[in-house]
Structure formats: structure tokens, C-alpha cells
Amino acid sequence: MSGFALPSATLLSQSVLSGIFVGALYGLLGLGLSLSWGLLRLINLAHFAFAFLAAYLCYQMAAFGVDPLLSLAVLVPLFFSIGAALHWLMARFSVTPFNSLLLTFGLTGIIEAIIQTIWTADFRKLESVYGEHKFKIGVLYVPVPELITLVLAVALSFAVWAVLRYTDLGKAMRAAAEDAPIASAFGVNQKRNALLLAGTCAALASVAGVCLALSFTLAPSQMYAWIGVVFAAVMLGGLGRALGPLVAGTLIGVSEAITMAVTSPSWAPIVSFSLLIAILVLRPGRAT
Amino acid sequence: MKSGHVKSGTMKRTPLIILAAGIALAFVPKLGLPAFYDSLLYLMLHWIVLATSWNILSGYTGYFSFGHGAFFGAGLYTTSTLLARYDWPFLATLPVAALVAAVLGVALGAVVFRVKGVRGELFALLTLAITFVIGTIVVNTPLDGGQGVSLSAVPVPAIGPTQSSTFYLLALAAATLTMLTAWGIYVSKFGAGLFAIHDDEDAAEVMGVPTYRYKLVALAISCALAGVAGGIHAMFLSYVTVGEVFTITVPLTVVLMSVLGGSRHWAGPAIGAVAITALLYSFTAANHAIAGKAMVGVILIAAILFMPDGILLRLQALFKRAPKLAPGTAHPPSKIATPSGTPSAPPSTAASGDVLLRVRGLQKSFKGVRALAGVDVDVRRGEILGLLGPNGSGKSTFINVVSGHYVPTAGEIVFEGRDLGGLAAHRIAGAGIARTYQIPRPFAHMSVLDNVALATMFGGAVGDPAEARKRAMTWLEFTGLHGKAAARPDDLNLHQRKFLELARALASRPRLVLLDEVLCGLTPSEIDDAVALIRRIRDQGSTIVFVEHVMRAVMALTDRVVVFNHGELLAEGSATEVMQRAAVMTAYLGKAHVVLPTPQAAHA
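So the protein lines, in turn, are chains A and B.
In short: position in the first sequence from 1, add 17, done, that's my numbering.
In short: position in the second sequence from 1, add 2, done, that's my numbering.
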């Protein structure tokens, strides 16, 4: 509560910049979640566990001397398969959206236990060549790991947006989300597309995981800390929209950073959730 | 689920069993077990209160709340603040904790439930967001101040022989109260309304369930009980922090317990709470906390995949063989019943009675599209009025506005001299208007009999569920569905579902019935049955507005017809005469290329 004195312009713009960086990670984490929820009607809480598992695997590979970005070559196909397998299971038992939330919560617990068994509950920090680097633009410091996150988040969001908008596959997926039986009647192979999409979502989680490992200290219980704010970004951005989570995530990140700079860090959560509540109540159609 | 019919014997016995169990368990501290057992049992009871209270709103109505941490936390911080700052006696803080939690819930619900689009998943996320907002406020204000609140200096009242047994007894009392409340709601008219909201909120409202008020009341009760649990837990923990309370863990645990036990049954969450607490405790006690976490995950996944309705319903399904016959099925099935009792208004004798429903200048626009552009319609007591018009002419909008589903943009609707404009749908149902849906919308998880009994209770204002079922049975006989009383709506064919719609509409004893294309999709012989049934509906005293495309039925049934086109009244008169008019033929069939002389072109 103390000290509402306005910080200096430099500090404020550095805050905004760091808000953009953390917002990009919100967006990247939210991207797969939003696609899964909007297009597959499955709320995948395990998305966060996937990201953390990928982060730990990236950390482990880095310990063996593998470049974190190179580890994506292994992690992306691996998590694609995990995501597709999970979706196959849920489709096999025709799990409802709400039960998918609970089922993936159970899965999150299992993955958390696995991570804790292998890597313990202690904090881990990835040491990489990128970690040390930062450069200065004008008065502002730009850390390289965060910059990588931003580039990946923007590139992947636009790539997914383009696929959904311009390719037949993307159109088929959107059609199937709107009305699956009708889409099937028009020859959309919905089962295959859904597996593809679920795999992609998990693969996106693994990319987000690598970004997490690059900039943050890891602990298994930390995965729950991201759920609330990333959900807020997904809902604000609109379900199943590729650019939504990035835009909303950046908005939340920047407003959190400014709140922290002006008041104190402990007030930050109130921003994203008040935004979410305001939007849901004023424009409820936005998130359905 | 409410599939069975609660026998009056069990009705009386269940609360006694809950009370007896509560009293018997109160003697556990006398056994002198190690304090460890008191704590384990305390935690079980604590989670029973939280899971069961959550279920009263979320299990019964289907509005999953992820805000139970906030309501629980509100109670917890109320008690700890009153104890630490104002030196209140502990027991006196509990009602305040309940009140604060309930006020918080009602304030949230009053905003959220007003927004039409907020259903299901959105409600879940909103309540989750509220948890973090309130947590942030608490941690940043002197309520907590970021350091947590210590209650170690506060004396624990000596209720039991030891401190741990005191907590056990307090939680036992709260759990008994919670279970009694959950059961009481489950078997009441209120509970039936909540379950109807779960299955189809719009249809429930149209049947006369005051959905907004019911959701708020359920939320208030749910929050109050969670607040009590929070108050007791504050004392139990003796040191409270925001990080452990306003989290996603509390709501997820109660959801898990309720889903595992069965969220459509009053006792389901309690079973889930005992199972999961025991499971977690056995793992932590054996120093396998990590394995325990994984085990809970595995069990949750297995439960969702193999028992999506929960343990309790699964067990019920195993032990219940053929569905029991409903209490009223003893009647000979061939008997054509005429429902006993007189309609709530004297039946009319003449078809040309006084005006029952007077609609003047009725308009309804959707974002600029005028579905109704100012229509005047009179419905006379005792008549069957056909409402005709091509697709998109505003017939269904008319029904939706009159039944209160939409608020009219302009115009007035007067029913029996009472202005209905802008009234909520359940009030209009209560005023004596019932409707059917073109595509039947039965409550999927209720038996056919309970579907009709719901309309009897709400539209028909019968308070006692048993009495409502008895009356509902006569309406099933009236529509020939008595053989299907115990079946689920899913087991009915379209013809039977349409008749179920009729039975539900009639069960509220309406003076006016709005029938929206009841014949659509039926075979010719089924149409004959339906036409005969509609005649009998009129004969037992209801006035009917009949939207239909099947001209054979319109000709056979209606006393008068009105024809809509582009949201305007095009013609009015007897069916045979109106259908000859050129304007009506043009509206239906398009313009002829050769313009024929039009003998009756004038409007009515």
C-alpha cells in the first residue's frame, strides 16, 4: 500500500518492456490452451504440467551440454505424441469439457509427482549461453532469453493464425469446432484433425516450457502459479483465436508491470483478474 | 439425479439417520483414541462440510464454482480477525463468518447471474478470478498484512476433553448441519428447481422456476456453510496465511471429492471427501506424499473415465434392477383420465368468450432486425387460435415474448387484465401461461414423471413434491404416457417427447397454452392422436394458441386464425376464409406472374 510516488520515466519504460516480455510468455502458454479449449472443447489443465515437464527436460539436456533451442528438436515431437495420445484417450471415453478439466488436473498431479521425484522440489535454474547476455537499447536493458521468448511467441502465434485462416486444414478445424457432424458430412476427417491439433497444442506447451526454463527458476509447485493469469489471458483473448492470447497476455503483462512499479508487487494479481471479471461481465459473449 | 421417487418412509427416516450418526460419532472422543485420530477425523469432517456445501450450488445446479476457496477464506479471515483484533469469543465468530461468506457470495452472484451469457465454464472462471482478487486484497490490507495471522494466543473453548477433540466435535456439528441441509434441499421443491436449472435453465424458468433467486439462495447457503468451515479451520490451524487459503487447491479438491462421490446426490460429496482424505492421509502418514499426489491423480482419471457420474450413482445403478413402478401406475392403462380438480379459472363454455390475452402494438427487435413490428392480437377465453405465417414471420418470437423468454421492445401484453410486459418468465408461468417447445426440451436427468411434477410444483404452485408427483401422474395418464413414468426422456421417441411437452405445459394448470409446432415431425397417425389430445386440452378448460404448419390440423382444430408476415399481422378470421385471401396466398406461395382478380383482397 505504501508509496504511490511515481517512478522515473526510465524505470517505467523498463517496467513496460519487462511486462511485454512476461506477457509474451503468458501468450505463448495460453496459445495451446486456447486452441484446445476453443477448437476441441477440452480444457487442458495439464498444459501447464506439459510446459513444466518440457522445461525440466530442457534443463536436464542443457546439463548434458545440449543447447536449449536445439533441445526443441527432441521436445516438440515428443510432446506432440503425448498430446495426441492424451486426446485419443479423452475421445475414446468421450469426456465432457468439464470432466476434461478434472481429468487433466489429475494428470497434472501425476506429472508434478514425477518431476518432484526426479528433480526434487528444490529450485532449479538453467545455465545457458543465453542467460548471461543482455544488451542495451538507449537506456533500456534487453535480456536475450526474454527476447527469444518474445520472438517465438509472436512467430508461433502468427503462424497458427495463418494456418487457421488460410489453409484448408485450418478451415476444416474451425468448421469442426462449430459443428462437428456437419463438418464430417462435408468430408472433414475430424478425428485425424483433432489428434493433429491436440498434438500441436502440447508441442506449443513444450516450446513455452523451453522459454520458461530460459528465463525462470523452476520448481514443480510453480506450475500452479501460472494457471490463473494464463486462463485470464485466454479468456480475454477469445477462445480458439490464435492472436488473442498474445494480445491479451501482453496487455496483462504490461498492466501488471506498471502496477508493480507504481504500487507494490503484491498488488499485481488484482490487475489481470479485475480485467477478466470486467470483460466477462460486460461482454460475456466474447469468451464462448 | 432424483430418478427414483422418494418414498415417504425414507423421507422421514433419512434426517433421523443423519442426526443419529452425528450423535453416535460425538462419543468417539470418549474412546480415548490417540489425538492423531481426532485430527484425521476432523479433516474428514472438514472436507465433508466443504465438499457438500460446494455441491449445494454446483452439483445441484451445474454451475461449477472455483471460488470455494474465496468463500472458505472469507469465513476463515472473518473469524481470525475477530479473534485476533477484537477478542471475540470463538463460537460467536462462526455465525459472522457464515454471514460474511454468504454476503460475499450473494454480491458476486447478484452481478454474475444477471449476465445472460455467464453459464457453466464462465461462472467457473469468474469465481476462480474472484478468489485471487480477494486474496490479493486480504494480503495487502491489515486483515493479513502479508505476514499471516497468528491465533496461538486465543484460548480454544473446552467443548471436548482435549483440544483436538474439541475441533473434532465442532466439525462434527458443522458436518451434521451441512448434511441435513443438503438432504433437505435435495428432496424439496427448491431442490427440484435447482436440478431443473442444471438440465435446462431456460425451460426451467418457463416452467415457473425463479432461476435467478434460486441460484442466489443456493449460492448463499453454500457460501455460509463454507464460511463456518473456514471459521473452525482458522482456529484449528491457529496460524493462517493467504497463500494456503485463496488458491486453486481448495476448489479443485472439493470438485474432485464431489465428482468422485457423485455430484448429483446429496451424499455423494461426503463419500468422496472421506475416500480422498483417507487416501491422502494414508500416504502422508507413510511418508509417501509424492506417491500420494500421483495416486490421487490416477484415481481421479480412472474415476472420470469409468464412473463419470460418481461412485454413489454407480453403486445405485448396480443395486437397482428394473426401474420401480411409479406410485400412480396402478391405474388401468386404458383408462382415459380427466385430471381431477377444477382448473384454476372457471372453464369457459362459449368459444366467443371474453378476451383472455390482449396484445397491442407488440414489437421485438434483435439488433435492428424487426422480428415483430407491432402486432395486435386478442385471444378469447376458451378458443383455439391458430397462429400462421411463413417461416421467419415472427410466430416463434411472438411465443417467446408472450412467455417471457424475450423482453418486448415495445407494446403491451395484458393477460386477464394484468400487464405482463417485461415480467420474468417464471412470473408469467405463475400467472397462468404455459408453452411447449417446437424441439422438445425435457430435463434429461429427471424421470418423465419428475419432469411433469416440476411443472406442477412451480407453475401449478404445489409445494409438496409427493403431492406434485401424484398430480403429475394424472397428466401422464391424460397424455397416455403413464406407462413411461419412470423412464428417462432419452428413452422416449419424438412423438412421446412431444406429448411429454404437452403434459408439462398442462401440469401447471394454465389458462393459456402456447403450442409451438407440436405436430412438426409427426407421422399422419400420430398427428391424429395429437389433434384429439389438443381438443381434450381445450375441453378441460384451457385456451390455446396454436402455431402450426400442418394445415389439416389447423382446419380441424382452430376457431380462428391470425396470419403473420414479416412480423406484421396480415390477416385474421376463420381458417377457411383467411387462407383464400390473396395476400395470405402471396405470403405463403409468392406472387403469381398473372395477376388474378382478387375478390377478397381487403385486410380484416
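Ideal Cβ positions, reconstructed from N, Cα and C, are used throughout, including at glycine.
Just so we're clear, the structure is a prediction, and the values are computed from it rather than from any experiment.
Kindly indicate the opening and closing residues of the alpha helix (DSSP H) around residue i.
i: Val264/A; result: 261 to 279
i: Thr545/B; result: Careful: Thr545/B lies outside any alpha helix (DSSP H), inside the beta strand (DSSP E) at 545 to 549.
i: Leu571/B; result: Here Leu571/B belongs to no alpha helix (DSSP H); instead the beta strand (DSSP E) covers 570 to 575.
i: Gly394/B; result: From DSSP, Gly394/B is part of no alpha helix (DSSP H); its letter is neither H nor E.
i: Asp40/B; result: 37 to 63
i: Ala72/B; result: 70 to 88
So is residue i in contact with chain B if we call contact Cβ pairs under 7 Å?
i: Thr134/A; result: yes
i: Met240/A; result: no
i: Phe69/A; result: no
i: Gly20/A; result: Per-residue confidence for Gly20/A stands at a pLDDT of 47, beneath the threshold of 50, marking its modelled position as unreliable; the derived number appears in the next sentence. No, Gly20/A does not count as interfacial toward chain B.
i: Leu292/A; result: no
i: Met277/A; result: no
i: Pro286/A; result: yes
i: Asn61/A; result: no
i: Ile127/A; result: yes
i: Gly204/A; result: no
i: Ser145/A; result: no
i: Val298/A; result: yes
i: Gly245/A; result: yes
Do residue i and residue j have their CB atoms nearer than 7 Å?
i: Leu293/A; j: Met252/A; result: yes
i: Val580/B; j: Leu389/B; result: no
i: His447/B; j: Asp204/B; result: no
i: Ile50/B; j: Ala272/B; result: yes
i: Phe73/B; j: Cys225/B; result: yes
i: Leu521/B; j: Ala555/B; result: yes
i: Pro162/A; j: Ser223/A; result: no
i: Val533/B; j: Ala558/B; result: yes
i: Ala560/B; j: Gly384/B; result: As written in the sequence, residue 560/B is Thr, which differs from the Ala given in the question. The answer is no: Cβ separation not under 7 Å.
i: Val242/B; j: Gly150/B; result: yes
i: Phe110/A; j: Leu307/B; result: yes
i: Phe96/A; j: Phe67/A; result: yes
i: Leu130/B; j: Phe68/B; result: yes
Does the beta carbon of residue i come closer than 7 Å to any beta carbon on chain A?
i: Lys295/B; result: yes
i: Pro310/B; result: yes
i: Thr476/B; result: no
i: Ala558/B; result: no
i: Phe38/B; result: no
i: Phe445/B; result: no
i: Asn142/B; result: yes
i: Ala532/B; result: no
i: Phe134/B; result: yes
i: Ile306/B; result: yes
i: Thr168/B; result: no
Between the options, which has its C-alpha nearest residue i's C-alpha?
i: Ala509/B; options: Arg471/B, Ala488/B, Asn495/B; result: Arg471/B
i: Gly270/B; options: Trp185/B, Leu514/B, Phe134/B; result: Trp185/B
i: Arg266/B; options: Ala176/B, Leu535/B, Pro310/B; result: Pro310/B
i: Leu47/B; options: Pro17/B, Pro31/B, Tyr170/B; result: Tyr170/B
i: Tyr39/B; options: Ser167/B, Asp452/B, Leu52/B, Ala100/B; result: Ser167/B
i: Ala265/A; options: Ile296/A, Phe110/A, Gly204/A, Pro282/A; result: Ile296/A
i: Ser145/A; options: Ile128/A, Ile99/A, Leu87/A; result: Leu87/A
Where residue i and residue j are concerned, what is the direct C-alpha to C-alpha distance, given to the nearest angstrom?
i: Arg420/B; j: Ala278/A; result: 60 Å
i: Ile313/B; j: Val357/B; result: 55 Å
i: Leu42/A; j: Leu315/B; result: 43 Å
i: Val230/B; j: Leu96/B; result: 6 Å
i: Gly465/B; j: Ala236/B; result: 40 Å
i: Lys326/B; j: Gly396/B; result: With a pLDDT of 43 at Lys326/B, under the threshold of 50, the modelled position of that residue is not reliable, and the figure given next carries that caveat. The straight-line gap from Cα to Cα measures roughly 44 Å.
i: Leu229/A; j: Leu143/A; result: 10 Å
i: Val141/B; j: Thr251/B; result: 18 Å
i: Tyr590/B; j: Val563/B; result: 15 Å
i: Gly226/A; j: Met78/A; result: 13 Å
i: Val33/A; j: Ile154/A; result: 14 Å
Start and end of the beta strand (DSSP E) containing residue i?
i: Gln365/B; result: 357 to 368
i: Gly388/B; result: 386 to 390
i: Asn567/B; result: 562 to 567
i: Tyr307/A; result: Outside the displayed range of chain A (18 to 305) lies residue 307/A, so it cannot be described from this structure.
i: Glu414/B; result: 412 to 417
i: Asp452/B; result: That residue, Asp452/B, is in no beta strand (DSSP E); its alpha helix (DSSP H) goes 450 to 460.
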